[in-house]
Structure formats: C-alpha cells, structure tokens
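A short write-up of the structure that comes next.
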Amino acid sequence: MDWGLANRIGRMFSPTSGNTVMLAVDHGYFMGPTHRLEDARATIAPLLPHADALALTRGILRRAVPPTATTPIVLRVSGGVTVLHEDLSHEAITTSMTEALRLNASAIALSVFVGAPHEHESLVHLGDLVNEGETAGMPVMAITAVGKELEKRDARYLALACRVSAELGAHIVKTYYCENFSKVVQGCPVPLVVAGGPKLDSDKAALELARAAIDEGAHGIDMGRNIWQSDHPVAMLKALRKIVHEKATVSEALDVLATEKNKRTTTTVPAIA
Ligand code: 5RP
Numbered sequence: 080m081d082w083g084l085a086n087r088i089g090r091m092f093s094p095t096s097g098n099t100v101m102l103a104v105d106h107g108y109f110m111g112p113t114h115r116l117e118d119a120r121a122t123i124a125p126l127l128p129h130a131d132a133l134a135l136t137r138g139i140l141r142r143a144v145p146p147t148a149t150t151p152i153v154l155r156v157s158g159g160v161t162v163l164h165e166d167l168s169h170e171a172i173t174t175s176m177t178e179a180l181r182l183n184a185s186a187i188a189l190s191v192f193v194g195a196p197h198e199h200e201s202l203v204h205l206g207d208l209v210n211e212g213e214t215a216g217m218p219v220m221a222i223t224a225v226g227k228e229l230e231k232r233d234a235r236y237l238a239l240a241c242r243v244s245a246e247l248g249a250h251i252v253k254t255y256y257c258e259n260f261s262k263v264v265q266g267c268p269v270p271l272v273v274a275g276g277p278k279l280d281s282d283k284a285a286l287e288l289a290r291a292a293i294d295e296g297a298h299g300i301d302m303g304r305n306i307w308q309s310d311h312p313v314a315m316l317k318a319l320r321k322i323v324h325e326k327a328t329v330s331e332a333l334d335v336l337a338t339e340k341n342k343r344t345t346t347t348v349p350a351i352a
C-alpha cells in the first residue's frame with residue numbers, strides 16, 4: 080500500500096486496538112434534516128473530540144466543522160437521490176476526487192447497491208473511485224445496503240455485498256450487523272465497520288450491537304443515529320469507545336454511560352464563516 084494511502088488509513092484506526100469509532104453524520108444527503116441532526120453544527124461540536132473520524136458530506140463539512148479540526152474526515156461522495164424516490168440506488172458520484180483532496184479528506188465513501196436496480200452503476204462507480212484513489216493515495220470506503228436495501232439485511236446478502244466491494248478494491252467496507260455476522264467478516268478481506276441503523280429501543284441495545292460486532296471481527300463502528308439521537312450523545316460515544324478500543328463488556332460500557340451522562344459539559348458551537 081502506498082505511503083499516503085496507508086497514512087490516511089492509519090490516522091483513522093487506532094494502532095493499539097486496530098479499531099475505529101467513526102461518527103456518521105451524513106444522513107441529510109438523502110434524508111434531509113434528520114431528527115437531532117437539524118442543526119449539524121450543534122450536534123457535531125460536542126461529539127467531535129471523541130470521534131476517530133467524522134463521516135459526512137462536503138456541504139456539512141464546510142458549514143459545520145471548523146477547518147482547524149484535526150479529526151480525520153470520511154467524505155461521502157455519492158448521492159443524487161432522496162428518500163422521496165422509490166429507487167434509492169440511482170446514485171451518482173457527486174463530489175470529485177479533486178474536491179476530496181482539497182478538503183483534506185482521509186477517505187472517501189460511496190454507497191453500493193448490490194441487488195438493486197442500479198447495482199451495476201454503483202459498482203462501476205466503486206471501481207472508478209478505487210482507480211482514482213490508488214493514484215491519489217485516497218482510501219475508498221464502500222457502504223453496503225443502505226435505505227430500502229436494508230430489508231435484505233442477512234448474512235448471505237451482506238457477505239455478498241461486502242466481498243464484492245472488497246474484490247473491486249474498496250479499502251474499508253461499511254455494513255450492518257446481522258445474525259451470523261462472523262460469516263460476513265470471514266468473507267471480506269478488508270476491515271469492516273458497522274453502522275447502527277435506525278435508533279434502537281435503548282442505548283444498551285446499541286452497545287450490545289457494537290460489542291457483538293467487535294466480538295465477531297468488525298474493526299469498529301461508523302455509527303450515527305444511535306449516538307446523536309440518544310438523550311446522552313457524548314456519554315454514548317464514550318461508552319462505545321470503551322467497547323471498540325478497550326474490550327469493555329456491555330455492563331462496563333453501561334457504567335461509563337451512567338457516569339458520563341451525569342457530567343455537565345458545555346461546548347462552544349463554533350461560528351463558521
Ligand atoms: C447513511 C449512512 C449512514 O452513515 C449510516 O447508515 C450510519 O449511520 P447510522 O448508524 O445512523 O445507520 O450511510 O446513508
């Protein structure tokens with residue numbers, strides 16, 4: 080792996096645990112002002128110091144994150160369809176490699192829609208971005224099974240989507256946790272990170288999901304709603320870090336959550352020009 084590419088990946092994954100806690104705040108690109116992400120600046124500011132990477136679009140990066148931030152950026156570069164459309168798979172590449180380099184992204188991310196009407200286009204986009212990424216030293220993260228594709232969230236489907244993504248050259252694959260998740264991991268030769276999906280019934284359920292995913296071989300999480308839709312987002316992020324980086328049990332992570340949620344923190348929301 081070329082030095083630049085390896086360096087970018089190395090800044091997102093801890094050298095000690097080998098894992099990463101990415102914070103996903105890219106939902107607005109097709110869902111609009113998602114609950115508790117309406118004011119992205121206010122949502123992101125207190126969480127930023129506790130994330131190993133921030134996954135978002137260029138619009139929110141420029142408007143909601145100060146350029147002095149040192150957190151690695153995973154820039155979503157695919158889009159062009161909204162929740163109002165029946166077929167979510169009709170995405171294009173909406174942000175160029177030049178723009179990703181200009182924004183000093185540590186990785187770029189796109190959705191791949193295996194089994195959907197626009198499967199072919201999304202996989203060709205992945206291949207094209209990997210070609211560009213290898214030249215530019217930019218890692219590419221393939222995001223499997225988003226939106227309506229989530230209906231097919233079983234190990235057989237996700238193993239197929241993740242393996243195909245890795246075969247086409249993705250350096251990191253983001254997917255969803257499922258029963259028999261270890262089968263998904265076994266078939267995928269690149270690091271897998273796990274999204275949380277829609278808000279679960281409790282913080283505990285999200286911690287359990289993270290614990291199970293790590294136990295079964297995930298290299299971290301790229302989680303959104305189960306963090307910033309929690310009533311205690313910072314405490315939740317810190318509890319997840321204990322699991323992902325420090326091998327904490329769910330019960331230990333719940334202790335962190337209980338301690339942290341009673342702490343009063345004040346965050347200055349940065350004004351951005
Ligand atoms: C949206 C995404 C999200 O980043 C991904 O789903 C992670 O967020 P969440 O944990 O809320 O599912 O890719 O298309």
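Mapping of the sequence shown onto the working numbering: residues 80 to 352, in sequence order. Even glycine gets a Cβ: it sits at the ideal position worked out from N, Cα and C. No experiment lies behind these values; they were computed from the predicted model shown.
Residue span of the beta strand (DSSP E) that contains residue i, given as start and end
i      : result
Gly299 : 299-302
Val104 : Where Val104 is concerned, there is no enclosing beta strand (DSSP E), given that its DSSP letter is neither H nor E.
Thr223 : 219-223
Residue i, buried or exposed, once every other Cβ within 10 Å from all chains shown has been counted against 16
i      : result
His164 : exposed
Asp131 : buried
Pro270 : buried
Ile354 : In the structure as shown, the chain starts at 80 and stops at 352, and residue 354 therefore has no counterpart that could be examined.
Met315 : buried
Ile303 : Inspection of the sequence shows that residue 303 is occupied by Gly rather than by Ile. Looking at its Cβ environment, which holds 16 or more other Cβ atoms inside 10 Å, Gly303 is buried.
Trp68  : This structure does not reach residue 68, given that the chain is present from 80 up to 352, and the question cannot be answered.
Pro145 : exposed
Ile351 : exposed
Asp280 : exposed
Met217 : buried
Gly97  : exposed
Lys317 : buried
Thr147 : exposed
Own chain, CB closer than 8 Å to residue i, minus 5 neighbours either side, in chain order
i      : result
Ser175 : Val156
Tyr236 : Val193, Gly194, Ala224
Glu211 : Met176, Met217
His324 : Ser93, Thr95, Ser96, Asn98, Val100
Lys321 : Ala327, Glu331, Ala332, Val335
Arg142 : Ala119, Arg120, Ile351
Endpoints, alpha helix (DSSP H) assigned at residue i
i      : result
Met110 : 107-110
Tyr256 : Element bounds for Tyr256: n/a, residue is neither H nor E.
Ala292 : 282-294
Ala195 : Counting along the chain, Ala195 falls outside any alpha helix (DSSP H), and DSSP gives it neither H nor E.
Leu237 : 234-246
Ala121 : 119-126
Ala318 : 312-325
Per DSSP, the bridge partner or partners of residue i
i      : result
Thr214 : Looking at the DSSP assignment, Thr214 forms no beta bridge with any residue, so it has no partner.
Leu189 : Ala221
Ser157 : Ile172
Ala274 : Tyr255
Ala332 : The partner list for Ala332 (beta bridge, DSSP) is empty, contrary to what the question assumes.
Thr177 : Partner(s): none; Thr177 has no beta bridge.
Contact set for residue i: own chain, Cβ-Cβ below 7 Å, skip 5 residues either direction
i      : result
Thr150 : Leu127, Ala130, Ala132, Leu133
Val162 : Phe109, Met110
Val313 : Pro125, Leu126, His129, Glu339, Thr344
Ala103 : Ala134, Ala274, Asp301, Met302, Gly303
Residue i: CB within 7 Å of a non-hydrogen atom of the ligand GTP
i      : result
Gly303 : The ligand GTP is not part of the structure shown, which contains the ligand 5RP as its ligands.
Contacting residues, own chain, Cβ-Cβ under 6 Å from residue i (five flanking each side not counted)
i      : result
His169 : Val160, His197
Ser201 : Val191, Phe192
Ala238 : Lys262, Val263, Gly266
Asp233 : Cys257
Ala121 : Val348
- When the Cβ atoms of the segment 86-93 are set against those of the segment 104-124, are three or more pairs found closer than 8 Å? no
- Message: Any contact between the segment 206-217 and the segment 235-252? By contact I mean 3 or more CB pairs, one from each, below 8 Å.
- Response: yes
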